[in-house]
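Comments concern the structure below.
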């Protein structure tokens, strides 16, 4: 039985490389195709223009917030989840998007993505 | 409040000097209206130094100067106003904070005169006058140095001998520094929380990479413990530097020591380069992987080889940091069939943290790794 995320193109925006490859491995484990990981907001914005089915956005990127990437994705109707170790997230920016708390496991990430992508 | 014949101002218990006496007489004459006016005017005519001095009759000059000393030595801001909102008294600390040289320069002015306020009285002053009891408030004011300062002010009604309110007094404790410390503490707690979560996420990443499905558990454990030690070592370096920055040289030495490599097997040289905390952690992890590889497969595997780690700043319109890791004197190098997590991590963290391009060279004479990055600014990534 294939995972619902199989073949889906998922963007990872995460500035901590060791965390990014953990996310990458989880997504590859679901059979998804990873776009990125983007290590900066600028890279994330550049990759957000590519064909995407979903995304995982770390909120705090080198002291900068990734909300600009979130807005770019929303403008294209690409569903996404936020991942953060922060307790205080900006509710206005996060909106209805699921938030997974770091450190997250593969099951949590998969469930949050499926919720966001309505799979 | 002591009793006085001429008004409550003097009831604060000071021997006003001549100038003040005059002003006080005028101020209170008006403030008290008809009932007290005549007496105050009479007092003013007599020359108020005299009148005011009479007001503290019954107190020895020693008492008065003692009170004056307390008043002026206090690091609270203290002042009193009459019912028209005119200042009638202020202590040295208050005058200094607002850049007022002499008390006479303040007396008779209202907040409207001084700050362009709409009303001579603040809402807090009015409340104290209306309720006729001391009330504590948190207030803020811009002092002469341009800083907006916070204070806890106790305001109290100044009464005459009949118990009528004839003014308002205020004593304020400056809490600007305390508030700043509280904000700083909450920033630190938030920062610490973020750092812990981030570190846990990194540890999770290391666990995933060290205990992959195809790995022998014992080898995985050894790899994981080594990585955990490197992570801890980078935190030690940063703790010594108050988590502000770390030098590349220190980090390199820690990384080799963490792998159990004696410095006799290593040549480290380069100008001072400071890294931001997050960069320092990740560069340590990258060096740890290179070091582990060298021990397992490279120049540090046997007894004779060594590692040369050198870096330089290539000057130019946008200066570059060039780091070279070169292994010498080891067994002939055989390029790996598949790039493992170690080298993937070296390339990934250096690209993500330093914006570096990374090249590996599996030359038969010795493995090498070339890193080319913009010169890091220690204020960069936090």
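Chains as they are written, first to last, in our numbering: chain W, -18 to 100; chain H, 257 to 638. Glycine included, C-beta positions come from ideal geometry on N, C-alpha and C.
| Query | Result |
| --- | --- |
| Exposed unless 16 or more other CB atoms sit within 10 angstroms - verdict on residue 632 (chain H) | buried |
| Sub-7 Å separation of residue 494 (chain H) and residue 536 (chain H) beta-carbons | yes |
| Residues of its chain near residue 71 (chain W), where Cβ-Cβ distance is below 6 Å and the 5 sequence neighbours each way are ignored | none |
| Euclidean distance between Cα positions of residue 499 (chain H) and residue 382 (chain H) | 49 Å |
| Residues of the region 356 to 375 of chain H whose Cβ lies closer than 8 Å to any Cβ of chain W, in chain order | none |
| Through-space distance from residue 624 (chain H) to residue 554 (chain H), alpha-carbon basis | 10 Å |
| Three-state secondary structure (DSSP) of residue 378 (chain H) | coil |
| C-beta neighbour in chain W for residue 544 (chain H), strict 7 Å | no |
| Alpha-carbon spacing of residue -1 (chain W) relative to residue 546 (chain H), whole angstroms | 16 Å |
| Limits of the unbroken alpha helix (DSSP H) element including residue 358 (chain H) | Residue 358 (chain H) -> no alpha helix (DSSP H), and no H or E assigned at all. |
| Option in H:620, H:611, H:621, H:618 with minimal Cα separation from residue 627 (chain H) | H:611 |
| Chain H contact for residue 88 (chain W) (CB, 7 Å cutoff) | no |
| Continuous alpha helix (DSSP H) assignments of at least 4 residues falling wholly in the region 61 to 97 of chain W | 72 to 75 |
| Distance between residue 434 (chain H) and residue 613 (chain H) (C-alpha atoms, nearest Å) | 47 Å |
| Chain W within 7 Å of residue 460 (chain H), Cβ atoms only | yes |
| C-alpha gap between residue 360 (chain H) and residue 345 (chain H), whole angstroms | 9 Å |
| Rounded distance between the beta-carbons of residue -6 (chain W) and residue 38 (chain W), thought under 8 Å | 5 Å |
| Chain W contact residues for residue 514 (chain H), given Cβ-Cβ distances below 9 Å | Within 9 Å Cβ-Cβ: nothing; residue 514 (chain H) doesn't reach chain W, min ~16 Å. |
| Residues of the region 520 to 547 of chain H with Cβ closer than 8 Å to any Cβ of chain C, in chain order | Included in the structure are the protein chains W and H, with no chain C among them. |
| Residue 411 (chain H), DSSP secondary structure in three states | strand |
| 7 Å Cβ cutoff met for residue 501 (chain H) and residue 541 (chain H) | no |
| Distance between beta carbons of residue 407 (chain H) and residue 396 (chain H), contact taken as under 8 Å | 7 Å |
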